[in-house]
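J.:
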Amino acid sequence: MLRGTTRCTLSKWYRDVNQFYEYIPKREKQVRVYDIPYIHVDEEGSSEGSVRLTGLTRAASGMFRCEVMSDKPYFETDDKAENMTVVDVPAWGPEVMGVVRGAGMVGGGAGEQSVERLGNTRVRPGDIVMARCEAGPSHPPANITWTLNHSLQPPPHARLHNTHHTDQDGRHAQMSELEVEVQESWLGRGVMTLSCHVSISHVYHRTANLTLVHADHPPTCRLRVVLFRLLPRGLADAAAAARLPALLLLLLLLLPQRRLLLVKVAAARAQKTPSRLRSVLFLRHREGAATAVNAGAGAAAVIAALTASAAAVSQELTLAWRSGVPFITALP
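Using my numbering, the letters of the sequence shown correspond one by one to residues -12 to 319.
#1: Is it a yes or a no for the region 173 to 190 touching the region 150 to 160, going by three-plus beta-carbon pairs under 8 angstroms?
#2: Compare the Cα-Cα distances from V185 to each of D3, H126, M179 and V4 and report the closest residue.
#3: To the nearest whole angstrom, what separates the beta carbons of K83 and L199, a pair I think is in contact under 8 angstroms?
#4: Check for me: the beta strand (DSSP E) holding K(-1) runs from which residue to which?
#5: Would you verify that the beta carbon of E31 is, or is not, closer than 8 angstroms to some beta carbon of chain D?
#6: Tell me where the beta strand (DSSP E) around P141 begins and ends.
#7: Considering just the uninterrupted stretch of the beta strand (DSSP E) at Y8, what are its terminal residues?
#8: Is the beta carbon of W0 less than 8 angstroms from the beta carbon of C53?
#9: My understanding is that A129 touches Q161, with C-beta atoms under 8 angstroms, so please give their C-beta distance in whole angstroms.
#10: Between the C-alpha atoms of H194 and S182, what's the straight-line distance to the nearest angstrom?
#11: State yes or no: is the C-beta of I11 within less than 8 angstroms of the C-beta of Q17?
#12: Measure the beta-carbon distance from A145 to V167 and round it to whole angstroms, keeping in mind my assumption that it falls under 8 angstroms.
#13: Thinking C-alpha only, which one of G49, E121, S188 and K59 is nearest P81?
#14: For E35, tell me which candidate among S48, R45, Q140 and R14 has the shortest Cα-Cα distance.
#15: Assuming the contact rule is C-beta atoms closer than 8 angstroms, Q114 and V87 should be a hit. Round their C-beta distance to whole Å, please.
#16: Grab me the residues of R111's own chain with a C-beta within less than 6 angstroms of its C-beta, minus the 5 sequence neighbours each way, in chain order.
#17: Inspect the beta-carbon positions of Y61 and T44 and report whether they are closer than 8 angstroms.
#18: Report all residues from its chain with a CB closer than 6 angstroms to the CB of G49; omit the five preceding and five following residues, and keep chain order.
#19: Less than 8 angstroms between the beta carbons of Y191 and V38, yes or no?
#20: To the nearest angstrom, report how far apart H204 and R119 are at their CA atoms.
#21: With distances taken Cα to Cα, identify the nearest neighbour of Y21 among Q140, E30, R109 and Y8.
#22: Got a sec? Which residues, its chain only, sit under 6 angstroms from L165 by beta carbon, not counting five neighbours each side?
#23: Just verifying my parser: in three-state terms, what is the DSSP assignment at W173?
#24: For M162, which three-state DSSP category applies?
#25: Using the C-alpha atoms, what's the distance from R19 back to W79?
#26: Between the alpha carbons of H27 and Q6, how many angstroms are there, rounded?
#27: Here's the rule I'm using: 16 or more other beta-carbon atoms within 10 Å means buried, otherwise exposed. How should P124 be labelled?
#28: Where does M179 land, buried or exposed, given buried means 16+ other C-beta within 10 angstroms?
#29: For R265, name the three-state secondary structure that DSSP assigns.
#30: If you draw a straight line from the C-alpha of S(-2) to the C-alpha of I131, how long is it?
#31: Run through the DSSP bridge pairs and tell me what K67 is partnered with.
#32: Would you report the Cα separation of R158 and M71, rounded to the nearest angstrom?
#33: Give the DSSP bridge partners of Y25, in chain order.
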């Protein structure tokens, strides 16, 4: 380390033992570049303390060293070296696919189902899921890991088999196969997700998901309730401004600020919406407070509960039915 106020009079850069850059501020031509294989210096982007390289390939990887010398009266020298690896990242992937086998298949059970990426295949506890994740060729080889339900942990008791093949350019295409038996606890919300993560050191990370749905879980119907603020005007004008059919206008409420609150309900999934709500609606605001609303009282009571909290205004919420109990919860 050179002394704090010492001025640098010379800096040199090396790849392995070969010098490729030199900076001498007192010289008329301050920068000098030496031609060595695989190293291309951008002179305009380089300076006394840094060097910008362009057009790098894997062949440019190696040990890079910077050497500096201070001005008088000390004429001290110092140098630091670090290994640099040029990463050739996968051109595609990860791609994940799988097959689900019913628990009773060996004895003439449910047979196999093909599972595509982000699929909606139904499973039951005890079913066997066989998933495969692939990534394109890379150098150095990519690392493939699996996690369950967006956690940091892999599926317990999973059987893994990793393979790779090398192309003519010395790059490695990775493949990982996972086989696991579905557990009841993984389907607590009616859905389980297997995630395949492909990474190379800290410079590359990609994820692909395989989504599986509990076969015995009641269908989930989601409605998105979007709250809009409008200037005071007639109901017909408000409907025209929002471009909504009359059936989607549940209620227009006059707020203390003399603005109208328009509630639009749009199906988020292509499933039939229950015609009547007979259970209890649970309104959960972002701050965690929950309010129970009797759905039998009609939409007016639901909207009144929504407008009771300032946090609910101009906010998107989700209305969903799970296990026969509808609830409203704020979107993340």
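Beta carbons: idealized from backbone N, C-alpha and C, even for Gly.
T.: For this structure:
#1: no
#2: Counted from its first residue, the sequence shown places residue 185 at position 198. The candidate whose alpha carbon is nearest that of V185 is H126.
#3: Sequence index remark: in the sequence shown, residue 83 carries index 96 (1-based). Sequence index remark: in the sequence shown, residue 199 carries index 212 (1-based). In the sequence as displayed, the identity of residue 83 is Val instead of Lys. At roughly 12 angstroms, the Cβ-Cβ gap does not stay under 8 angstroms, so V83 and L199 are not in contact.
#4: Working through the sequence shown from its first residue, we reach residue -1 at position 12. Segment C(-5) to R2, the beta strand (DSSP E) holding K(-1).
#5: The chain inventory of the structure shown lacks chain D, comprising one protein chain alone.
#6: Within the sequence shown, numbered from 1, the residue matching residue 141 stands at position 154. First-last for P141: undefined, no H or E at that position.
#7: Numbered from 1 along the sequence shown, position 21 holds the residue referred to as residue 8. Start and end: N5 to Y10.
#8: One-based indexing of the sequence shown puts residue 0 at position 13. One-based indexing of the sequence shown puts residue 53 at position 66. Contact flag set, yes.
#9: Here residue 129 is taken as the residue at index 142 of the sequence shown, counted from 1. Here residue 161 is taken as the residue at index 174 of the sequence shown, counted from 1. Rounded, the Cβ-Cβ distance is 5 angstroms, consistent with contact.
#10: Here residue 194 is taken as the residue at index 207 of the sequence shown, counted from 1. Here residue 182 is taken as the residue at index 195 of the sequence shown, counted from 1. Sequence inspection shows Thr at residue 194; the His mentioned does not correspond to that position. If you take the alpha carbons of T194 and S182, they lie about 7 angstroms apart.
#11: Position 24 of the sequence shown, counting from 1, holds the residue named residue 11. Position 30 of the sequence shown, counting from 1, holds the residue named residue 17. The answer is yes: Cβ separation under 8 angstroms.
#12: As a first step, residue 145 must be located in the sequence shown, where it is residue number 158. As a first step, residue 167 must be located in the sequence shown, where it is residue number 180. Yes, A145 and V167 are in contact; Cβ-Cβ is about 4 angstroms, under 8 angstroms.
#13: Here the question's residue 81 lines up with position 94 in the sequence shown. Looking at the Cα atoms, E121 is the closest of the given residues.
#14: If you number the sequence shown from 1, residue 35 lands on position 48. When each option's Cα is compared against that of E35, the closest is R14.
#15: As a first step, residue 114 is located in the sequence shown; it is residue number 127 there, counting from the start. As a first step, residue 87 is located in the sequence shown; it is residue number 100 there, counting from the start. With the sequence shown as reference, residue 114 is identified as Asp, and Gln is not the correct amino acid for it. Rounded, the Cβ-Cβ distance is 5 angstroms, consistent with contact.
#16: Locating residue 111 in the sequence shown gives position 124, where the first residue counts as 1. Taken in chain order, the residues that qualify are A202.
#17: Locating residue 61 in the sequence shown gives position 74, counting from the first residue. Locating residue 44 in the sequence shown gives position 57, counting from the first residue. No, the Cβ-Cβ distance between Y61 and T44 is not below 8 angstroms.
#18: Locating residue 49 in the sequence shown gives position 62, where the first residue counts as 1. Closer than 6 angstroms at the Cβ level, and outside the excluded window around G49, lie R2 and D3.
#19: Sequence index remark: in the sequence shown, residue 191 carries index 204 (1-based). Sequence index remark: in the sequence shown, residue 38 carries index 51 (1-based). No, these two residues do not count as a Cβ contact at 8 angstroms.
#20: On the sequence shown, position 217 is the one that residue 204 refers to. On the sequence shown, position 132 is the one that residue 119 refers to. Distance between the alpha carbons of H204 and R119 is about 26 angstroms.
#21: On the sequence shown, residue 21 is found 34 positions in, with the first residue counted as 1. It is Y8 whose Cα lies nearest to the Cα of Y21.
#22: Counting from one through the sequence shown, the residue named residue 165 turns up at place 178. Excluding positions up to five away in sequence, the list reads A118, W133, A145 and L147.
#23: Indexing the sequence shown from 1 puts residue 173 at position 186. Helix.
#24: One-based indexing of the sequence shown puts residue 162 at position 175. M162: strand per DSSP, three-state reduction.
#25: Counting from one through the sequence shown, the residue named residue 79 turns up at place 92. Counting from one through the sequence shown, the residue named residue 19 turns up at place 32. Their Cα atoms are separated by approximately 40 angstroms.
#26: For the purposes of this step, residue 27 is identified with residue 40 of the sequence shown, where counting begins at 1. For the purposes of this step, residue 6 is identified with residue 19 of the sequence shown, where counting begins at 1. When rounded, the distance between both Cα atoms is 12 angstroms.
#27: Residue numbering aside, residue 124 sits at position 137 when the sequence shown is read from its first letter. Under this definition P124 is a buried residue.
#28: Counting from 1 along the sequence shown, the entry for residue 179 is found at position 192. It counts as buried.
#29: Position 278 of the sequence shown holds residue 265. Any reading at R265 is ruled out, since the residue's pLDDT is 28, under 50, leaving its predicted position unreliable.
#30: Residue numbering aside, residue -2 sits at position 11 when the sequence shown is read from its first letter. Residue numbering aside, residue 131 sits at position 144 when the sequence shown is read from its first letter. So the two alpha carbons sit approximately 41 angstroms from each other.
#31: Numbered from its first residue, the sequence shown carries residue 67 at position 80. For K67, which the question treats as bridged, DSSP gives the partners C53.
#32: Position 171 of the sequence shown, counted from the first residue, corresponds to residue 158. Position 84 of the sequence shown, counted from the first residue, corresponds to residue 71. Each residue's alpha carbon lies about 18 angstroms from the other.
#33: Along the sequence shown, read from residue 1 onward, the residue named residue 25 stands at position 38. The partner list for Y25 (beta bridge, DSSP) is empty, contrary to what the question assumes.
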